[in-house]
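The next block holds one structure in the form of structure tokens; read it before the comments.
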Amino acid sequence: MATPSRKTSTQSPLASKRAILSDPSSEVPSKKKSSVPPAAPRPLPSSGPFVEGSIVRIAMENFLTYDVCEVSPGPHLNMIIGANGTGKSSIVCAICLGLAGKPAFMGRADKVGFFVKRGCSKGMVEIELFRTSGNLVITREIDVAKNQSSWFINKKSTSPKAVEEQVAALNIQVGNLCQFLPQDKVGEFAKLSKIELLEATEKSVGPPEMHKYHCELKNFREKEKQLETSCKQKTEYLEKMIQRNERYKQDVDRFYERKRHLDLIEMLEAKRPWVEYENVRQEYEEVKLARDQAKEEVRKLKESQIPITERIEEMERQRHSLEARIREKALAIKETSQKCKHKQDVIERKDKQIEELQQALTVKQNEEHDRQRRISNTRKMIEDLQNELRTTENCENLQPQIDGITNDLRRVQDEKALCESEIIDKRKERETLEKEKRSVDDHIVRFDNLMNQKEDKLRQRYRDTYDAVLWLRNNRDKFKQRVCEPIMLTVRNLFILVISINMKDNKNAKYIENHIPSNDLRAFVFENQEDMEVFLKEVRDNKKLRVNAVIAPKNSYADKAPSRSLNDLKQYGFFSYLRELFDAPDPVMSYLCCQYHIHEVPVGTERTREKIERVIQETRLKQIYTAEEKYVVKTSFYSNKVISSNTSLKVAQFLTVTVDLEQRRHLEEQLKEINRKLQAVDSGLIALHETNKHLEHKDNELRQKKKELLERKTKKRQLEQKISSKLGSLKLMEQDTCNLEEEERKASTKIKEINIQKAKLVTELTNLIKNCTALHIQKVDLILQNTTVISEKNKLESDYMATSAQLRITEQHFIELDENRQRLLQKCKELMKRARQVCNLGAEQTVPQEYQTQVPTIPNGHNSSPPMAFQDLPNTLDEIDALLTEERSRASCFTGLNPTVVEEYTKREEEIEQLTAELKIKKVELDKYRENISQVKERWLNPLKELVEKINEKFSYFFSSMQCAGEVDLHTENEEDYDKYGIRIRVKFRSSTELHELTPHHQSGGERSVSTMLYLMALQELNRCPFRVVDEINQGMDPINERRVFEMVVNTACKENTSQYFFITPKLLQNLPYSEKMTVLFVYNGPHMLEPNRWNLKAFQRRRRRITFTQPSQ
């Protein structure tokens, strides 16, 4: 049973209060009363029908709309009915906050202080829960100033944690949407992921251990993965260690093998100096014997060279005498040759003189022949010119023709100059137009950049909507009528609601974004229903994009006038209606005017906020915007009093980019006009170029005619001048004569004289040549004698040189042998000293015993061939060097070895044993976890499948009773990923469609509400949680579905042993079914409500019965 209480509202409603559109009231009341009477009184049993944890009583004081109120719900279905704004949802908020719920669970406010009635400093909520051991009373007192709560259990102070433990012990989960679904969270149920829905269902209707097992499985699986990774890493590391030790085992063997070779090298290096000493000593004896033999041979060669030396000296004296006589003959030959040369030069000069005389005569003959030819040509040319002069006509009558052509030429040139001037003007005009065009293009590009900023914001925040815009732009031809993109953008002929809006002043963007919900800001606007269905099928169903779509009204509201003139509102500080703050296409503007009445919502300033009480009372406006706040005004259905609420405006995010579309359209028209003018100018330029070309051609023709006439006029005078010039040239050529016969006679005389002189010179040259020949014969005879002497001398010198070379070789051989003997002697001493040092021997000691026997084998048990004894080693250097090279090569093959390899090998063996033991422990632990997973999985998965099957059975039954289809199944991609298990809900409301998963976007709001309600009813019969709360879930349903759902709720919630059910709604259909187990709570408010202490339900019932009984008699 609920007792009435008084509820008072002030002129500034709570910011957290839900805004509901209603007709404005005529006045703002100072007080408001409310009551929540039950349909029938119900005694509070100590056990009876109430289940453990059910709500027995709800008390509120200074809480939201209530001053004082107490509600006593029934154990089964509780219908809480009342008009909007009466305080139904306040009871839901009291249940949530009273049971340690957080304010965010309701989706209304984030601070608990906002739930205290405006004007009060403290508020209180008290919940009494049924328990068989004694009812549990939880009290929460809220302090507005501190925004803190004080908690009490059974009137005793306690901590929030203790309250949460008590509530959890009764399996109450106000944060679980499967159990507690407030009004502002109804839409979020469909947004739950499959995983979240499974978790909520487990907590709500599953056994207490089911969710615990699920959490354990997830933890076990995570630890199993960690152990598998650890075992894999340790196994890989162990294998690497074993492989490395196998490699190191070979290195150990190779280390000892190398040591054996190094020991043998040491023995060979110890014996080598003794072998070297013995070899050098033997070589020394051999060299000493060869030296003595070389010394004797040198002595014999020196004695044989004495006679040869004397004969060579005699031959040298003869050679000097003959060479002196040869030089005398050569000097005489040289003098005679010079005289011959001089005579030859004189003869050549005489020949040259003759040749010059002949050439001079030839030149004079050629000049005379050329003069006669030129005289003949000139006379012929004069005769031709005279003939041409006689035939030339009289040209005195050509001057008038020349004057006429000159006048025509001047006129053509004037026309040509005028045409060129017009071409220059046209070009200047074209340059001016091109500059204007570039300027306009730059302005348009800046506008487009601003539009791109809008698109970038849309792409970053709502990627699905942006992808849908791109698809729409590429598939415009699929639609019958105009399609508008989201209201944020304006892209030529395509629009989205966010695309379509263009703020005239970005300071006003916050009003638009606060007035229009974000879903509609992202909505596509259609003029045709079929177009919208085509779009949604392609974008939502095929491309799986989350987008919104709306239809513009058939009758345009874009130009609808406001009910009140803005001039009447300016006295309150209003400066505009919302519609005048931005530009948008007609379909978008029509939709916003119809849906959100933007033509009726004024925008004011800070001055408006200062006068807000007067504005609300006098203007009767439903919604008002001031500089930083939004006011919503509504009128009570009962008292006709005005209630207002205000909220702070959020900062604008999307519409801050301002584009003046009118200016852009003006720029586009201006660009079209400039292009038209450019085309006209280009056409004019082409015509002017053609005209100029024609005038140029005519000018050339006139010039050619004038040139021909002038040439004809001056031709006679030119001919007379040429004839006079040629006659003068002819006279000069006739005067310049030459006597060739006289010249030929003179040349012959001079040549004859020169030939006589030449004959005399030839005779003298012949005598000189004969003398020179005799001298050459004498010289050759002397040279032959000298050659014989030189040959004999050379033979003697050759013999001497051969003997000397042999002597030098023998002497050099002797010196080398002597030096070699000294070197070998010194080397013997050094090798003896070195050999004794290597063997650590004194001057008188022999080779020690250890070098005479075998060297000990290598210890540590490693196999190696026994080394040779000192006397068993080779006795020659070549053999020793060959063996040394071989052993060093073998030893050098063992690279990368060091003495610590054996120590590392031993340590690694120990580490391998340790790793093997650790890996064995890890594998045992992993097997244990797998066994635990198997056991827990069986305890969790089988009951879960049975639970989901029961839910599916009820859910499918409820849907089939509504001639629809629905199913619930357990969904997972991998059975081992326990954190990926989820509950999938699939529904279909039309027989022509397939089952679709319940999502926030695919189904309509009413379909989601029906699905949510039926799922909660399916959970209701499983009855694990003590109560369920559903607030206004039937608001989006059509009447048929609402009636069917209500019948199912009554049938399900009114069964025996079911949990308590709270169903909150502002309205119901008529003729709905009723059950005796139902409790109907009506919530009223208004100024004429009774005070709580005067409320007497029994008295009202008696009065009603008396009225019923007396009616028939009347």
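Heads up, the sequence shown is in our numbering, so the first residue is 560 and it goes up one at a time.
The C-beta atom is built at its ideal place from N, Cα and C for all residues, glycine as well.
Excluding the five sequence neighbours on either side, which residues of its own chain have a C-beta within less than 8 Å of the C-beta of residue i, listed in chain order?
i	result
Ile982	Leu1244, Leu1247, His1248 and Asn1251
Leu1268	Leu957, Gln960, Ile961 and Ile964
Ile1666	none
Met1292	Arg930, Arg933, Ile934 and Thr937
Lys799	none
Glu1303	Leu920
Thr895	Leu1327, Asn1330, Cys1331 and Leu1334
Val971	Leu1254, Lys1257, Asp1258 and Leu1261
Among residues of its own chain, excluding the 5 on either side of residue i, which ones have a beta-carbon nearer than 6 Å to its beta-carbon?
i	result
Val999	Leu1226, Gln1229 and Leu1230
Asn1655	none
Cys1613	His635, Leu636, Ser1634 and Lys1636
Tyr1131	Thr1167, Lys1170 and Val1174
Ala1186	Thr1164 and Glu1165
Pro608	Pro634
Is it buried or exposed for residue i, if we count other Cβ within 10 angstroms and need 16 for buried?
i	result
Glu1014	buried
Ile964	buried
Ser693	Looking at the sequence provided, one finds Gly at residue 693 rather than Ser. Result: exposed.
Phe1085	buried
Gly682	buried
His820	buried
Gln544	This structure leaves residue 544 out entirely; the chain is present only between 560 and 1673.
If you reduce the DSSP assignment to three classes, tell me which class residue i lands in.
i	result
His1335	helix
Ser571	With a pLDDT of 31 at Ser571, under the threshold of 50, the predicted position of this residue should be treated as unreliable, though the coordinate-derived value follows. Ser571: coil per DSSP, three-state reduction.
Gly1525	strand
Ala1108	strand
Arg616	strand
Tyr1136	strand
Arg1664	helix
Cys1584	coil
Asn1491	helix
Which value, in whole angstroms, describes the spacing of the CA atoms of residue i and residue j?
i	j	result
Glu1165	Phe1134	11 Å
Lys1266	Gln960	12 Å
Asn946	Ser1284	16 Å
Thr717	Glu629	23 Å
Ile754	Met769	15 Å
Thr1558	Thr1206	31 Å
Lys1482	Cys790	7 Å
Ser648	Val1589	10 Å
Glu805	Asp812	11 Å
Gly612	Glu687	9 Å
Gln802	Ile1542	50 Å
Gln1494	Leu1500	10 Å
Pro1598	Glu1139	39 Å
Are residue i and residue j close, meaning C-beta to C-beta below 8 Å?
i	j	result
Leu1031	Thr1024	no
Ala1042	Asp1090	In the sequence as displayed, the identity of residue 1042 is Val instead of Ala. The answer is yes: Cβ separation under 8 Å.
Val1348	Arg878	yes
Tyr1537	Lys777	yes
Val1569	Met638	no
Ala1027	Val1098	yes
Val857	Thr1369	yes
Thr794	Leu1478	yes
Val696	Lys720	no
Glu875	Lys1352	yes
Ala1111	Cys1152	no
Kindly list the residues whose CB is nearer than 7 Å to the CB of residue i, restricted to its own chain and excluding five residues on each side of it in sequence; keep chain order.
i	result
Leu1137	Tyr1070, Ile1071, His1074, Ile1157, Val1160 and Val1162
Leu1390	Pro832, Glu835, Tyr836 and Val839
Met1596	Gly1565, Ser1568, Val1569 and Val1604
Ala663	Asp669
Would you verify that the beta carbon of residue i is, or is not, closer than 8 Å to some beta carbon of chain C?
i	result
Lys808	Reference to chain C is not applicable here, since this structure consists of a single protein chain.
Answer yes or no: the CB of residue i versus the heavy atoms of the ligand ZN, is any distance below 7 Å?
i	result
Asp626	Looking for the ligand ZN in the displayed structure turns up nothing, as the structure carries no ligands at all.
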